[in-house]
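Data first, discussion second: the structure below is written as structure tokens.
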Amino acid sequence: YDEMSEAHGFTLDEYIYYGGYPGSAALIRDEKRWRDYVRDSLIEPSINHDILMMTRVDKPALLRSAFELACEYSGQIFSYNKMLGQMTDAGNTTTLAHYMDLLEKAGLIKAMQLYTGNVKKSRASKPKLNVMNTALMSGISSYSYEQAKADRTFWGRLVESTVGAHLINTADSITKIFYWRERGVEVDFVVSDGKSVLAIEVKSNDRKASTRGFEKFCSKFKNAKTLLVGADGVPVQVFLSYPVKYWMEYEL
């Protein structure tokens, strides 16, 4: 965020919607040109060159459908079976999980696993989808910048996806990003480096945040720390100014 703010004059809201691709920054006053750039100069080369030309993909249409659905549902828990049910291309959950791995390696989509403290159990969980740059989510949506800000649900998912993308992109190789949910109680992100665990909740409005998710999580994982981003916690722009390692060591 700091780079886009200093180099291109982005406000926080502009960064949340338009994302962090420097090449598209000059086009944000013309949303059609900006969208065309995101699709033609960012998405297509990533899928065509970074995935299809480098790896054998038997169902390229399924890969593209998976990418678009993941952008549409960024910030949500979405089972692979449910994703397949929304696609016209036949496939299976194993193929879809593999394609999600390819999309992550290309820097497009992260399918986060449920935090269980157990690797095998986590791998068997429903993934929570997160774009690795919010330009992907905004670029394929039908929302203009002003429409996105006016829709509190969509904007809330954009803010959460911005935080998720920051965590994913600033984590080192031993730091893993998860989510947590149990019996309808959820924590947006769980960060683990093998030694310590940090639970993160994101709030995009100013109302006092519920701590129910934190309380339930900490009752199960006793040594976990918690961090609220937004509302009456750490301001979003401050959170985006420091890498995940800083927040792992941060003391409230």
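Residues in the sequence shown are numbered consecutively from 37, following my numbering.
Think of the CB as a built atom: it goes at the ideal place given N, C-alpha and C, for glycine as much as any other residue.
Note that the coordinates shown come from a computational prediction; the quantities given were computed from them, not determined experimentally.
- Between lysine 95 and aspartate 125, the C-beta spacing is below 8 Å.
- For glutamine 122, the three-state secondary structure derived from DSSP is coil.
- When DSSP states are grouped into helix, strand and coil, arginine 217 belongs to the strand group.
- CA-CA distance, asparagine 84 to glutamate 140, rounds to 14 Å.
- Under the Cβ criterion (8 Å, minimum of three pairs), the segment 271-282 does not count as touching the segment 249-257.
- For threonine 262, the enclosing beta strand (DSSP E) covers residues 261-266.
- Counting along the chain, the unbroken beta strand (DSSP E) around isoleucine 145 starts and ends at 145-150.
- Judged by DSSP secondary structure, lysine 258 falls outside any beta strand (DSSP E); it is assigned neither H nor E.
- For serine 110, the secondary structure class from DSSP, reduced to helix, strand or coil, is coil.
- In this structure, the straight-line span from the alpha carbon of glutamate 218 to that of valine 274 is close to 29 Å.
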